[in-house]
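Note that the protein sequences, when read in sequence, are chains A and B.
In short: position in the first sequence from 1, add 3, done, that's my numbering.
In short: position in the second sequence from 1, add 5, done, that's my numbering.
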Amino acid sequence: MDIETKDILDNLTDGLLVFNSQSELSSINFSAQKMFNVKEEEVLGKNIEDFSDFDLINNVFYLLGKDIKECFRKELEIREDLVIEITSRPVLKNENKIGSLVILHDITREKRVESMKTEFVTISAHQLRTPLSSIQWTLERVLSKKAGQLTPEQETLLKKAFEDNKRMVSLISDLLNLVKIEEGKDVYNFRKASLEKVVQSVLEYYKHEIKEKEIKFEYKVLNRRMPKIEIDPDKIKFVIQNLVDNAIKYTLPGGIIKIILSVKGEDIEFSIQDTGIGVPKAQQQSIFKKFFRASNAVKIVPDGNGTGLSVAKKIVEDHKGKIWFESQEGKGTIFYFTLPIHEKENSNN
Amino acid sequence: MKKKILIIEDEKNLKFLLGQALKEEGYEVEEAIEGGEAFRKLEQGLKPKLILLDLLLPGMDGYKFLTEIKKDARYEKIPVVVISNLGQEEEINKARELGASDYLIKAHFTLDEILEKIKKFL
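Given below as structure tokens:
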């Protein structure tokens, strides 16, 4: 017996829906029927708007709308035990749209593994804190000489241990933050806020450090009226803090740091330019990777952990903004990020 | 009379270190490993000025202890400061909603800082 196209489609592990140009379902393969718990004859020929009797498949309508918008790998939790990734593409013939193809890929297992990984990291990080606090408190007591006198050498050595223990504690906190933000669950608290104010509060915090390091500092807001935008001010503060912190850390005394805030089309753009050490060209593509630190940065500031920019990128992108940079080793770096002024429709990627 | 502080904590080392530091400051320290033992001590007449409470405990855990003590007219007024290594927002909020007077993440504070923080409740 010959294998027909329908047999192939039915035996795909991915679910497949085909809609004609009137948004009527013209084909649904076995996998999709199983995912949505429907039979072909119940739904075939129905318009995407008329799925309301079938609550699982109706999710597709909620996501894609009556015109079946294009989308790429949108996650959708259909049931507690079924998470799928939906991709929707137009079917084109001679450049005319004659229908839509909706592909459903089961990612339940991947999601479960991901959440187990997250849980593992979270639990181990918490567990590690207990012995670390005990070490910290012990060293603190010894250093306070409540347990007897110390020779100067002993004191120096113990102080180093105390400092490194503290570093480990802060590394764990960073790790927990990273995991939480990557997981992206309920971490954002969006509200209308002024980006200018957020920038101000960060600068206030770094005022002394900038002065102490004798860095020439400029801050300009190019538009007279900056619109308020929908953001999570604490998370955006974290982003700005990271960029300012990096600029200060990697700019040598006497250098210049310049921050500009401006409206650029549909977005607000934040930029921070420094005359610091720059990022070596060969390492520029890795700068937003987790735990990555450029070789010249490690030399100047040995104890960073390389999580800041990766979290910053995630936060900006979760705000539907963009973050990028230009840099020349030895000359300096400009980091930019944009945030949309108006909420973008939550559709295409 | 020395002011009494009740520490509810199951980690031996932490309890020892915290206890030592408090004693040096002139407080009298009582200890319990979990909420149930703490309640027994209270029933036997212990009158602490302050309770330092860990959250993850064998037996009655910190959340349950907080819930119970804030329901009990005899003890509800004793301030309870949570000292835990759990530090997620939801954990902090939950403890505060249950009536914790303050929330300190152990690893984030030195003993001196903890002593300073709890002073206002004594």
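Even glycine gets a Cβ: it sits at the ideal position worked out from N, Cα and C.
- Under the 8 Å criterion on CB atoms, B/Thr72 is classed as non-interfacial with respect to chain A.
- Under the 8 Å criterion on CB atoms, B/Asn18 is classed as interfacial with respect to chain A.
- Separation of A/Asn23 and A/Leu179 (C-alpha to C-alpha, rounded to the nearest whole angstrom) is 47 Å.
- Interface residue (Cβ-Cβ distance to chain B less than 8 Å): A/His108 is not classified as such.
- For a Cβ distance threshold of 7 Å, residue set Leu19, Asn90, Lys111, Ala112 of chain B lies close to A/Ser136, ordered along the chain.
- In this structure, A/Glu221 lies near A/Lys261, with their beta-carbon atoms less than 8 Å apart.
- B/Ala100 and B/Gly92 have their alpha carbons spaced roughly 11 Å apart.
- Between A/Ser26 and A/Ile81, the gap from beta carbon to beta carbon reaches 8 Å or more.
- Rounded to the nearest whole angstrom, the C-alpha separation of A/Thr16 and A/Ala35 is 9 Å.
- Here A/Lys292 has Ser313 as same chain residues with Cβ atoms under 7 Å from its own Cβ, once five neighbours each way along the sequence are excluded.
- Counting only Cβ-Cβ distances below 8 Å, B/Leu22 has contacts in chain A at Ser137, Trp140, Thr141, Arg144, in chain order.
- Within the same chain, Cβ atoms closer than 7 Å to the Cβ of A/Glu272 are found at Ser265, Tyr339, Thr341, the five residues on either side in sequence being excluded.
- Using a CB distance cut-off of 8 Å, B/Glu121 does not count as an interface residue toward chain A.
- Listed along chain B, the residues sitting closer than 7 Å to A/His129 by beta-carbon distance are Asn90, Leu91.
- Shown here is that no member of the segment 259 to 270 of chain A has a Cβ falling below 8 Å from a Cβ of chain B.
- The secondary-structure analysis by DSSP pairs B/Ala37 across a beta bridge with B/Ile13.
- Comparing alpha-carbon positions, the option among A/Asn249, A/Pro236, A/Asp321 lying closest to A/Glu186 turns out to be A/Asp321.
- Excluding the 5 residues flanking it on each side, A/Arg296 has same chain C-beta neighbours closer than 7 Å at Gly307, Gly309, in chain order.
- Distances from the alpha-carbon of B/Glu48 to those of B/Phe126, B/Glu121, B/Ala78 put B/Ala78 closest.
- Assigned with DSSP and collapsed to three states, A/Gln331 falls in strand.
- Apart from the 5 residues on each side of it in sequence, B/Val86 sits with its Cβ closer than 6 Å to the Cβ of Leu57, Ser106, Asp107, Ile123 in its chain, given in chain order.
- Nearest to A/Lys317 by C-alpha distance, out of A/Thr125, A/Leu161, A/Val182, is A/Val182.
- Under the three-state reduction of DSSP, A/Phe338 is assigned to strand.
- One alpha carbon belongs to A/Glu207, the other to A/Asn97, and they sit about 60 Å apart.
- Per DSSP, A/Gln276 lies in no alpha helix (DSSP H) segment; the continuous beta strand (DSSP E) that holds it begins and ends at 270 to 277.
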